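Take a look at the structure set out below.
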Amino acid sequence: MTPTLVRQHRPHAGTTPPVDLCARARDWSEIQERMLVPLYETVYERLEVGPGTRLLGLGCGSGLALVMAASRGAAVTGVESSSPERLALARQRLLPGAWDTRARADTRLVDGSPRDTADAQAPACTLVTAFEPIGCLAGDSEGLGETLAAATPLAERGAPVVLAGWGPPERCATSSVLRVATKLADPLRGTGSWRPARRDDLEEVAQRAGLKPDGSGRVACPFGYADLDSAVRGLLSTGLFDAAISATDQVQVDKELTEALHPHLREDGTVWMPNVFRYLIARVP
Numbered sequence: 008m009t010p011t012l013v014r015q016h017r018p019h020a021g022t023t024p025p026v027d028l029c030a031r032a033r034d035w036s037e038i039q040e041r042m043l044v045p046l047y048e049t050v051y052e053r054l055e056v057g058p059g060t061r062l063l064g065l066g067c068g069s070g071l072a073l074v075m076a077a078s079r080g081a082a083v084t085g086v087e088s089s090s091p092e093r094l095a096l097a098r099q100r101l102l103p104g105a106w107d108t109r110a111r112a113d114t115r116l117v118d119g120s121p122r123d124t125a126d127a128q129a130p131a132c133t134l135v136t137a138f139e140p141i142g143c144l145a146g147d148s149e150g151l152g153e154t155l156a157a158a159t160p161l162a163e164r165g166a167p168v169v170l171a172g173w174g175p176p177e178r179c180a181t182s183s184v185l186r187v188a189t190k191l192a193d194p195l196r197g198t199g200s201w202r203p204a205r206r207d208d209l210e211e212v213a214q215r216a217g218l219k220p221d222g223s224g225r226v227a228c229p230f231g232y233a234d235l236d237s238a239v240r241g242l243l244s245t246g247l248f249d250a251a252i253s254a255t256d257q258v259q260v261d262k263e264l265t266e267a268l269h270p271h272l273r274e275d276g277t278v279w280m281p282n283v284f285r286y287l288i289a290r291v292p
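Per the working numbering, the sequence shown runs over residues 8 to 292.
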């Protein structure tokens, strides 16, 4: 990976073509989202998710984790406030008429806050999940506490709340690639800059939300891609490089991201990056 000098904002930055949010959401659902399947499976196995589970998924994205829970018989509600495009894909997957899962009448998907799912007639949820990993961007957990505060009143007393985060940088090959985002976005010096995961990231969020930690674990979630192009598209779909794109431009980010991926390119043209993610189970008091 070639070194890059710190850049100031470019005069033409405001004329950078806008991101195609629909295409990015498709890249997320078709390429990147599946990388966290081992995390979803591990949590569902540990908590015995099944027909008696009423799950509230925070930041549900395009719904893969909800599909997996629904396939176990769980009643699922998903909340997504940051990407209407991802939520539209979740609706295609989960609501009546979806072709790839058995739609259930008790499936709900909401664009907004967990409070928007409140229903006096509905029973309290028995599990809350926040699977979007924290711990690699400065400030990436700041909004999570508020979201949890809105969600926990909808859960039963003692219900598990699952938080997810990146593992130690030395166990995450993708960390070296994410540093590209910091290098290019450094002039912004704020939210959106990469930082190494800290040991107590998840516990600190749980404590601020008034939750009681009740166990944790680590899961291997390797990032594997068919080729370099798929790897670039998948990583860009996470939104972790948005600050870098704003500070420079799309062409520069694509170039440096591709260079950063070359050490992980295998002889058959695929890209493989071993990673470890961490999850915390906390309880609603």
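Think of the CB as a built atom: it goes at the ideal place given N, C-alpha and C, for glycine as much as any other residue. Note that the structure is a prediction, hence the values are computed from the model and not measured.
### Message
Rounded to whole angstroms, what is the Cα-Cα separation between residue 264 and residue 148?
### Response
24 Å
### Query
Per DSSP, what kind of secondary structure is residue 150 in: helix, strand or coil?
helix
### Message
If the criterion is Cβ atoms closer than 7 Å, does the pair residue 280 and residue 180 meet it?
### Response
yes
#### Entry: residue 248 versus residue 242: straight-line alpha-carbon distance, rounded
8 Å
### Task
Please state if the CB of residue 273 and the CB of residue 34 are separated by a distance shorter than 7 Å.
no
### Query
When burial is assigned at 16 or more other CB atoms within 10 Å of the CB, is residue 128 buried or exposed?
exposed
### Message
Counting beta carbon pairs with one atom in the stretch 42-59 and one in the stretch 214-234, are three or more of them shorter than 8 Å?
### Response
yes
### Query
residue 229 by DSSP, collapsed to three states: which one?
coil
### Query
What three-state label does DSSP hand residue 38 in the structure shown?
helix
### Query
Alpha carbon to alpha carbon, how far is residue 291 from residue 221?
10 Å
### Query
With which residues is residue 136 paired in a DSSP beta bridge?
64 and 169
### Message
Does residue 72 pass the burial test, meaning 16 or more other C-beta atoms within 10 Å, or should it be called exposed?
### Response
buried
### Task
Answer with buried or exposed for residue 140, where buried requires no fewer than 16 other C-beta atoms within 10 angstroms of its C-beta.
buried
### Query
Is residue 180 helix, strand or coil when you go by DSSP?
coil
### Message
Suppose the cutoff is 6 Å on Cβ atoms and the five residues either side in sequence are ignored; what does the same chain contact list for residue 133 look like?
### Response
60, 61, 163 and 166
### Query
What does a CB cutoff of less than 6 Å around residue 218 pick up in its chain, not counting 5 residues either side in sequence?
168 and 289
### Message
Quick check on the burial criterion: 16 or more other C-beta atoms within 10 angstroms. Buried or exposed for residue 15?
### Response
Any reading at residue 15 is ruled out, since the residue's pLDDT is 33, under 50, leaving its predicted position unreliable.
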